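Read through the structure below, which is laid out as structure tokens, and then see the notes.
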Amino acid sequence: MADNHNRKQFILNAFVMNTPGLLSAGLWKHPSNKTDQYKKLSFWTDLAQLLDRAGFHAMFIADTLGPYDVYKGPGNVVPALASGAQFPVNDPLYLVPAMAAVTKNLIFGVTASVTYEKPYSLARRLSTADHLSDGRLAWNIVTSYLDSAARNHGLKEQIPHDERYTIAHEYMEVLYKLWEGSFRDDAVVNDRERGVYIDSDGVRPINHQGKYFEVPGPHFCEPSPQRTPFLFQAGVSEAGNAFGGKHGEAIFVGGQAPEGVRATVDNIKKVAMDEGRDSNHIKVIVGINVIVAATDEEAQAKREEYVKYVDEEGAGGSTESNRTV
């Protein structure tokens with residue numbers, strides 16, 4: 000009999016995005032599809048309740064900050080527009096409090112970019128969501144990669160890849176200081192008789208002065224249930240693996256061949272050990288597409304039906320943008 004103590008827990012994580020078309024461009028046209036209802040809050044609360052009842056651990060909400068415009072471009076958004084391929088995309092963070100209010104256990108992993116978000120304001124937004132979700136917030140840390148995002152955020156060209164991760168390391172240093180070092184555990188006294196809400200001796204500035212950021216602090220939110228939210232990371236480059244090994248608590252890996260996944264995981268765990276972390280504490284989540292049916296034949300038939308709705312123009316936009324990273 001297998002030793003139950005050595006078994007790893009199977010993590011169920013739903014991969015979604017606040018858009019009509021995530022990975023399968025054109026599938027929103029299928030008669031049974033409901034992702035075109037993404038603008039309705041009930042779509043998200045119903046989905047969250049379904050996942051919670053089914054025992055899923057988390058809902059991972061992807062995001063992007065610019066359109067796919069490389070295919071038949073540059074600057075051509077027509078394929079993405081027509082196919083609904085990650086266009087339009089609404090902000091994911093606003094969904095969390097509503098979904099948390101109707102669920103008990105589901106964790107909400109929200110994507111936010113350290114390249115285009117200021118650390119002080121993002122720390123506040125994530126702390127707020129952690130409060131309103133009773134500590135069920137996770138943050139998927141990304142550095143962003145689309146040239147369209149860079150242009151639309153005021154840059155003439157993308158910050159070089161490895162420098163984005165250098166910035167990200169300092170960014171995390173700022174956030175750790177705000178979340179973990181700004182308030183003592185006993186700083187919030189909420190003493191009505193004395194008329195004191197926060198003991199000023201329990202709050203201190205962080206006075207961060209670095210190469211990329213100067214943030215005096217203190218944090219503008221009182222400590223949330225987790226202080227620092229659970230940290231997801233999904234970078235697959237050498238710099239991304241180094242970042243994930245240092246900061247990530249769960250690593251999202253695309254559905255490659257097992258050998259490729261193993262190499263990525265081994266690299267991340269090596270970095271974690273070099274950083275003095277227990278590599279066994281890092282969870283690995285592999286992305287797969289699942290088609291559910293009673294038999295394999297029925298599942299294959301479903302797949303053939305779904306393929307009929309594929310929009311090759313829309314798929315070309317996203318794959319070309321990813322190929323040029």
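Note that the sequence shown ends on residue 324 in numbering that gives the first Met the number 0; no numbers are left out.
Heads up, the beta-carbon is just placed ideally off N, CA and C, and yes, glycines get one too.
Remember, it's a predicted structure, so these values are computed and weren't measured experimentally.
Problem set entry | Element boundaries [alpha helix (DSSP H), containing D295] | Position 296 of the sequence shown, counting from 1, holds the residue named residue 295. Segment 295-306, the alpha helix (DSSP H) holding D295.
For this session: Measuring alpha carbon to alpha carbon, tell me which of F231, D35, S223 ends up nearest M171.
Result: Sequence index remark: in the sequence shown, residue 171 carries index 172 (1-based). Per the Cα distances, F231.
For this session: Within the stretch 191-246, note down every full alpha helix (DSSP H) run reaching 4 residues or more, in order along the chain.
Result: 237-246
Exercise. Cα-Cα, which of W43, P73, I197, N240 is closest to R150?
Worked result: Here residue 150 refers to the residue found at position 151 when the sequence shown is read from its first residue. Of the candidates W43, P73, I197, N240, the one whose C-alpha sits nearest the C-alpha of R150 is P73.
Problem set entry | Segment contact, 8 angstroms Cβ cut-off, at least three pairs: the stretch 13-26 with the stretch 85-97 | yes
Problem set entry | Runs of beta strand (DSSP E) lying entirely within the stretch 12-75, each at least 3 residues, in chain order | 12-16, 57-61
Problem set entry | Completely contained alpha helix (DSSP H) runs for the stretch 86-159, where each covers 4 or more residues | 94-100, 118-131, 146-151
Exercise. Would you report the Cα separation of E297 and H168, rounded to the nearest angstrom?
Worked result: As a working note, residue 297 is residue 298 in the sequence shown. As a working note, residue 168 is residue 169 in the sequence shown. So the two alpha carbons sit approximately 48 angstroms from each other.
Exercise. How would you write the range of the alpha helix (DSSP H) that A292 sits in, first residue to last?
Worked result: Locating residue 292 in the sequence shown gives position 293, where the first residue counts as 1. It is not in any alpha helix (DSSP H) - A292 carries neither H nor E in the DSSP assignment.
Exercise. Measuring CB to CB, does I267 end up less than 8 angstroms from G243?
Worked result: The residue labelled residue 267 in the question sits at position 268 within the sequence shown. The residue labelled residue 243 in the question sits at position 244 within the sequence shown. Yes.
Problem set entry | the stretch 286-296 in contact with the stretch 247-255 per 3-pair CB rule at 8 angstroms | yes
Exercise. Would you call the stretch 30-43 and the stretch 259-277 in contact, with 3 or more CB pairs under 8 angstroms?
Worked result: no
Exercise. If H152 sits next to L64, beta carbons under 8 angstroms apart, how far is it from one beta carbon to the other, in whole angstroms?
Worked result: Within the sequence shown, the letter at position 153 stands for residue 152. Within the sequence shown, the letter at position 65 stands for residue 64. With 8 angstroms as the limit, H152 and L64 qualify as a contact, their Cβ atoms being about 7 angstroms apart.
For this session: Taking S31 as the reference, give the member of E312, G313, Y308 with the closest Cα.
Result: For the purposes of this step, residue 31 is taken as the residue at position 32 of the sequence shown. Of the listed residues, the one whose Cα sits closest to S31 is Y308.
For this session: For G209, count neighbouring Cβ atoms within 10 angstroms of its own Cβ and tell me buried if that reaches 16, exposed if not.
Result: Taking the first residue of the sequence shown as position 1, residue 209 is located at position 210. G209 should be labelled exposed.
Problem set entry | Cβ-Cβ separation, R203 to P224 (assumed contact under 8 angstroms), whole Å | Stepping through the sequence shown from its first residue, residue 224 is reached at position 225. Stepping through the sequence shown from its first residue, residue 203 is reached at position 204. About 21 angstroms; that fails the 8 angstroms criterion.
Exercise. Is there contact between the stretch 43-58 and the stretch 116-134, where contact requires at least three CB pairs shorter than 8 angstroms?
Worked result: no
For this session: Using 10 angstroms around the beta-carbon of A241, count the other beta-carbons present and answer buried if the total reaches 16, otherwise exposed.
Result: Within the sequence shown, numbered from 1, the residue matching residue 241 stands at position 242. Under this definition A241 is a buried residue.
For this session: With V283 as the anchor, note down where its beta strand (DSSP E) starts and where it stops.
Result: Here residue 283 corresponds to residue number 284 of the sequence shown, with the count starting at 1. Run containing V283: 282-285, per the beta strand (DSSP E) assignment.
For this session: Output the distance between the C-alpha atoms of R52 and M98, rounded to the nearest integer angstrom.
Result: By 1-based counting over the sequence shown, the position of residue 52 is 53. By 1-based counting over the sequence shown, the position of residue 98 is 99. Approximately 13 angstroms between the Cα atoms of the pair.
Problem set entry | V252 - DSSP class collapsed to helix/strand/coil | Here the question's residue 252 lines up with position 253 in the sequence shown. The answer is strand: DSSP assigns V252 an E or B state.
Problem set entry | Residue from R183, I197, F182 with nearest C-alpha to N189 | By 1-based counting over the sequence shown, the position of residue 189 is 190. Per the Cα distances, I197.
Exercise. Hey, how far is the Cα of R6 from the Cα of K282?
Worked result: Position 7 of the sequence shown, counted from the start, is the residue given in the question as residue 6. Position 283 of the sequence shown, counted from the start, is the residue given in the question as residue 282. Roughly 13 angstroms separates the two Cα atoms.
Exercise. Can you tell me the Cα-Cα spacing of A271 and G20, whole angstroms?
Worked result: In the sequence shown, the residue the question calls residue 271 occupies position 272. In the sequence shown, the residue the question calls residue 20 occupies position 21. Looking at the two C-alpha atoms, the distance is approximately 35 angstroms.
For this session: Would you mind giving the Cβ-Cβ distance between D68 and S147, rounded to the nearest angstrom? I have them listed as a contact below 8 angstroms.
Result: Within the sequence shown, numbered from 1, the residue matching residue 68 stands at position 69. Within the sequence shown, numbered from 1, the residue matching residue 147 stands at position 148. Yes, they are in contact, since the Cβ atoms of D68 and S147 sit about 5 angstroms apart, within 8 angstroms.
Problem set entry | Per-residue burial, V214 [other beta carbons within 10 Å of its own, 16 or more giving buried] | Position 215 of the sequence shown, counted from the first residue, corresponds to residue 214. Buried: at least 16 other Cβ atoms inside 10 Å.
Exercise. Just the Cα atoms here: how many angstroms apart are G234 and Y164?
Worked result: Against the sequence shown, residue 234 aligns to sequence position 235. Against the sequence shown, residue 164 aligns to sequence position 165. Near 10 angstroms, if we compare the C-alpha coordinates of Y164 and G234.
For this session: Drop a sphere of 10 angstroms on the beta-carbon of I290, count the other beta-carbons inside from all chains shown, and report buried for 16 or more, exposed for fewer.
Result: The residue given as residue 290 occupies position 291 in the sequence shown. With fewer than 16 Cβ atoms within 10 Å of its Cβ, I290 is classed as exposed.
Problem set entry | Collapsed DSSP secondary structure at A81 in the structure displayed | Position 82 of the sequence shown, counted from the first residue, corresponds to residue 81. Three-state DSSP puts A81 in a helix.
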